[in-house]
Structures are given as structure tokens and as C-alpha cells.
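One structure is given below, encoded as C-alpha cells.
There are 2 protein chains.
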Amino acid sequence: MGATKEHIHTETANEIAELAKVLAHPARVAILQYISKQDSCICNDLVDEIGLSQPTISQHLKVINEARLLKGTFHGKSICYCIDIDRFQELQEKFNSFFNKTKINCC
Amino acid sequence: MGATKEHIHTETANEIAELAKVLAHPARVAILQYISKQDSCICNDLVDEIGLSQPTISQHLKVINEARLLKGTFHGKSICYCIDIDRFQELQEKFNSFFNKTKINCC
DNA sequence: ATTTAATATCGTAATATTGCAATATAACAT
DNA sequence: ATGTTATATTGCAATATTACGATATTAAAT
Chain R
1 MGATKEHIHT ETANEIAELA KVLAHPARVA ILQYISKQDS CICNDLVDEI
51 GLSQPTISQH LKVINEARLL KGTFHGKSIC YCIDIDRFQE LQEKFNSFFN
101 KTKINCC
Chain E
1001 MGATKEHIHT ETANEIAELA KVLAHPARVA ILQYISKQDS CICNDLVDEI
1051 GLSQPTISQH LKVINEARLL KGTFHGKSIC YCIDIDRFQE LQEKFNSFFN
1101 KTKINCC
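Shown next, in the form of C-alpha cells:
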């Protein structure tokens, strides 16, 4: 017991859940917001800005990155993270599709 | 260590994360989809439909309910769950607001 | 009153997530 | 080559989540 039984659910349900997990931690929401707020996309100010340790931030960035929401370009020794807008948009559309399909019926 | 440090984040970040958590499990996504699919909103067919035990479904319903996404009306000994459309809509709007505000800038 | 059916709660085991110190890696600067 | 700075990875402790059996609870049905 204890582990999510992914195999009993539909593709869609698993996908929505997986994408929602990225947003399911305030630090990751904050990271996305902060990256977008900078018009040039500065990076581990995130540690100072958000107030979590560097390893923790790095771990959250990994989760965001695994959802293909980040484009990192090396800029000297630092990395310039920025949001992959196309993918971000795609994510928004997937959520909206879920919401729209789901809200059709009911008492 | 171990626990999410909510206090260091903004209201908005915490709120989005909290709402995302509801959708961050495929069973809960599936429950929302199934409830909406039934034009009359039948209930613990969910146990048969989704393939998790009754206590597990009940627990997931609790999470959905705590996000104020359910309206339960008693119908004999069974409960007729249905989605609170207004709240569901509100949730969609909050997500869209986050997406729209966040996707403005970037490299 | 007893039985039956639907749902909720409790307790607990398995697993996942969060957070950080310590350490590794990579790239530039000297 | 060595030091410095930025980021990633590892290891581990604390906490949260998931799942379910066992047990309540509730309300209709007999």
C-alpha cells in the first residue's frame, strides 16, 4: 500500500494529476512567478528571493524542468532559466480542457 | 525539515498550490470526471468505477470536499454527490489568472 | 428491534515529498 | 594549477500522502 495506483486510471486523469503536481507546492508556483517577473531571466536569486536552501530550490527546479516547463541557457557559470512559454501554454490548455469537459453536467 | 514551509510564500502561491493538490491525484481527477459524466449524480458507484476501496474513495472525496468542490445531498441512505459548479468555475479562473499573469515575460 | 446497505472514521503500513548539510561538478578568474 | 562561484547530486531525517482492513455511524427496510 501507500503508492498511487496509476495503472487503474485513464491517461487523461494521470496526465492532469502529473501536471497538477508541479503546481502543488507553493515554492514551485513562486519560482515560476519569479522567473516570469524578471524580464531578463536571472537565476539563483531564487535562493535569496524565495528563502529556501540552494539544494531545495534546485530540487524544485528539477521537478519543473521534468515537466518540460523550463528552458535553461548557460550564461557564464550561471544558468539563465526561463519558462518554456509554448509548454506553459499547453499546460494551461490541458487544464482548461479538463475543466470545460468536466463542468458540463450536474444536479 | 520535511514539511512544506508555507509561511515563507505569498497568499497566492499557497492558494494555487493548495488547489493544485486537489487535482494532483489521478483518483481525484477521475472522481470529478465521473461525477460530472452522470447527468444525475450517483455516488458510490465510484468504488466500482474507479477500483479503489471504499475507505480510499471516501478519503479522496473528503479532500475534494474540503476544497469546497462538492455538494452532497442525502438521498435515502446514500449520498448524491455533485460538483459545486460555481466553485469549480472559480477554481478554473484562479488557475487561468495564475497562468495569464505568469506567462507575460521571458527570454 | 434487527438487519441491511451506504458512507465515514480510525489505525496503521507502505510510499512519496520536502528540506537541508555535505559533497560533487562545472566554468570562469587569477 | 588553484581558487571562486553557481548549480547539481547524494544521503538522510521529518513530514505528508496513499491505501486498506476493521470498525463506527446512519438511515432505510423488514
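In order, the protein sequences belong to chains R and E. At position 64 of the first sequence (counting the first as 1) the number is 64 in our numbering, and the numbers step up by one without a gap. At position 63 of the second sequence (counting the first as 1) the number is 1063 in our numbering, and the numbers step up by one without a gap. Glycine included, each C-beta is placed from N, C-alpha and C at the ideal position.
| query | result |
| --- | --- |
| Just the C-alpha distance for Q1092 of chain E and T1056 of chain E, rounded to the nearest angstrom, thanks. | 26 Å |
| Mark I1083 of chain E as exposed unless 16 or more other C-beta atoms lie within 10 angstroms of its C-beta, in which case mark it buried. | buried |
| Just checking: is the beta-carbon of H9 of chain R within a distance shorter than 8 Å of some beta-carbon in chain E? | yes |
| Listing by chain order, which chain E residues have their CB less than 7 Å from the CB of G51 of chain R? | I1008 |
| Going by C-alpha distance, which of R:H7, R:V29, R:S78, R:I79 is nearest I1050 of chain E? | R:H7 |
| In the structure shown, what three-state DSSP assignment does L19 of chain R receive? | helix |
| Under a CB-based cut-off of 8 Å, is P55 of chain R close to chain E? | no |
| Just to confirm, does G76 of chain R get its C-beta within under 7 Å of one of the non-hydrogen atoms of the ligand COA? | This structure lacks the ligand COA, and indeed carries no ligand of any kind. |
| So, with DSSP's three-state summary, where would you put K94 of chain R? | helix |
| Do A17 of chain R and A1003 of chain E have their C-beta atoms within less than 8 Å of each other? | no |
| Since V112 of chain R and Q54 of chain R should fall inside the 8 Å C-beta cutoff, what is the C-beta to C-beta distance between them, to a whole number of angstroms? | The structure shown does not extend to residue 112 of chain R, since chain R is modelled only from 1 through 107, so no value can be given for it. |
| Can you tell me whether DSSP reads T10 of chain R as helix, strand or coil? | coil |
| Looking only at its chain, what residues have a beta carbon closer than 6 Å to the beta carbon of I1079 of chain E, apart from the 5 residues adjacent to it on each side? | C1043, G1072 |
| What residues are listed by DSSP as bridge partners for F1074 of chain E? | E:I1079 |
| Compare the Cα-Cα distances from E66 of chain R to each of R:L19, R:A13, R:D86 and report the closest residue. | R:L19 |
| Return no unless some Cβ of chain R is closer than 8 Å to the Cβ of K1005 of chain E. | yes |
| Any beta carbon from chain E within less than 8 Å of V29 of chain R's own beta carbon? | yes |
| Classify T1102 of chain E: buried if its beta carbon has 16 or more other beta carbons within 10 angstroms, exposed otherwise. | buried |
| Confirm, please, whether the CB-CB distance from L1061 of chain E to Y1081 of chain E is below 8 Å. | yes |
| Does R28 of chain R pass the burial test, meaning 16 or more other C-beta atoms within 10 Å, or should it be called exposed? | buried |
| Check distances from the C-beta atoms of the segment 1014-1029 of chain E to those of chain R and list, in chain order, the residues that come in under 9 Å. | N1014, E1015, I1016, A1017, E1018, L1019, A1020, K1021, V1022, L1023, A1024, H1025, P1026, A1027, R1028, V1029 |
| Give a yes or no on whether the C-beta atoms belonging to L1070 of chain E and K5 of chain R are separated by under 8 Å. | no |
| So N1044 of chain E contacts chain R; which residues on that side make the cut at Cβ distance below 9 Å? | Correct list: empty, because the minimum Cβ distance to chain R is about 16 Å. |
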